[in-house]
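Under the working numbering, the residue at position 23 of the sequence shown is numbered 23, and the numbers go up by one with no gaps. Only one structure is covered here, and it is reproduced in the block below.
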Amino acid sequence: MTPSRISRAALACLATLALAALTSACGDAGGLRGAGPTATASSPARLWPQLPAASSPAWDYGEAETETVRGVTAPGDDIHKVDPVAVVRAEIAAHPDLYTADSPPYAGTAAGMANCGRKSSGAGSGVGACPVLKAYYRDLTGDGRDDMALGFRLLPGNGTAVRVYTFQRHKLVQIMANDDAVTAVQLAGRAVIIRSPSQIPGYEYRTQWTWDADQKAMLLTRDEFLRTGKPKHAPSSLTASASASASPR
């Protein structure tokens with residue numbers, strides 16, 4: 001027997017002896033062990049049962065609101081052939097109170113559209129003079145055809161408009177609209193997830209919009225306030241402002 005084989009045999013023997021010693025020392029036969037007492041399950045406790053039921057929603061989240069985009073079509077209802085800049089221009093024309101009227105909140109967006117389409121404008125990136133972001137395509141409605149997720153900057157502020165469009169009866173229809181300060185937008189399956197900053201450091205808002213076949217629109221199906229990391233110490237004024245706010249975003 002070679003030296004290497006001798007050493008391997010000796011090590012195997014020592015390992016067997018060690019395993020036997022450990023087994024005899026702990027006395028564990030490998031059976032199941034109890035995890036301790038389990039908390040008793042209880043049903044939800046209803047608060048203020050005498051409170052009258054609300055007859056209308058307190059806040060308008062814009063759910064189930066759709067809008068036909070006028071003047072924008074595509075051959076064969078192929079949404080890949082729709083010009084995203086034309087879609088944003090159509091929205092600006094349909095909502096002058098937001099973009100072109102006297103002192104509108106998003107006058108910078110309307111002014112920036114003049115730069116879209118120029119090679120040096122940064123169109124599609126959102127970082128140049130053109131506020132329109134790159135369009136993304138995915139079947140979000142489940143009909144086997146791609147839909148378009150589009151975003152554009154709400155200037156002069158730091159907000160972002162997130163929109164989803166599809167063709168319905170040969171008409172381009174906006175089936176989702178959300179305006180917010182945005183840190184990230186994700187497509188997950190047939191849902192749009194929007195992440196937005198919070199006034200409280202280390203936390204963020206996260207909303208999910210999902211297609212509803214009955215309403216023919218993408219509905220707000222989840223609204224969360226999540227921890228994203230170790231929170232840093234916030235200024236006392238910021239903490240007080242966040243605590244005093246009792247209304248939704």
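The C-beta atom is built at its ideal place from N, Cα and C for all residues, glycine as well. None of these values were measured; they are calculated from a predicted model.
Item: Pick from Leu219, Ile92, Ala107, Arg227 that is closest to Ala64, judged by C-alpha positions; Value: Leu219
Item: Beta strand (DSSP E) runs wholly inside the segment 47–117, at least 3 long, in chain order; Value: none
Item: Proximal residues to Ala107 (C-beta, below 6 Å), its chain only, five neighbours per side dropped; Value: none
Item: Per DSSP, cross-strand counterpart(s) of Ile147; Value: Going by the sequence as given, residue 147 is Asp instead of Ile. DSSP output for Asp147 lists Arg138 as bridge partner(s).
Item: Status (buried if at least 16 other CB within 10 Å, exposed otherwise) for Ala198; Value: Here the sequence assigns Ser to residue 198, which means Ala is not the residue at that position. Burial call: buried.
Item: Touching by the beta-carbon criterion (3+ pairs, under 8 Å), the segment 153–164 and the segment 68–86; Value: no
Item: Residues of its chain near Ser245, where Cβ-Cβ distance is below 7 Å and the 5 sequence neighbours each way are ignored; Value: Its pLDDT being 38, under 50, Ser245 is placed unreliably in this model, and the coordinates cannot settle the point.
Item: Cβ pair Val72, Leu172 closer than 7 Å; Value: yes
Item: Whether Ile175 touches Ala111 by CB criterion (7 Å); Value: no
Item: Bridge partners - Ser196, DSSP secondary structure assignment; Value: Tyr205
Item: Nearest-angstrom beta carbon gap, Pro96 and Val132 [assumed within contact, 8 Å]; Value: Rounded, the Cβ-Cβ distance is 19 Å, inconsistent with contact.
Item: Straight-line gap, Val185 to Ile194 (C-alpha atoms, nearest Å); Value: 5 Å
Item: Buried/exposed call for Trp48, threshold 16 Cβ in 10 Å; Value: exposed
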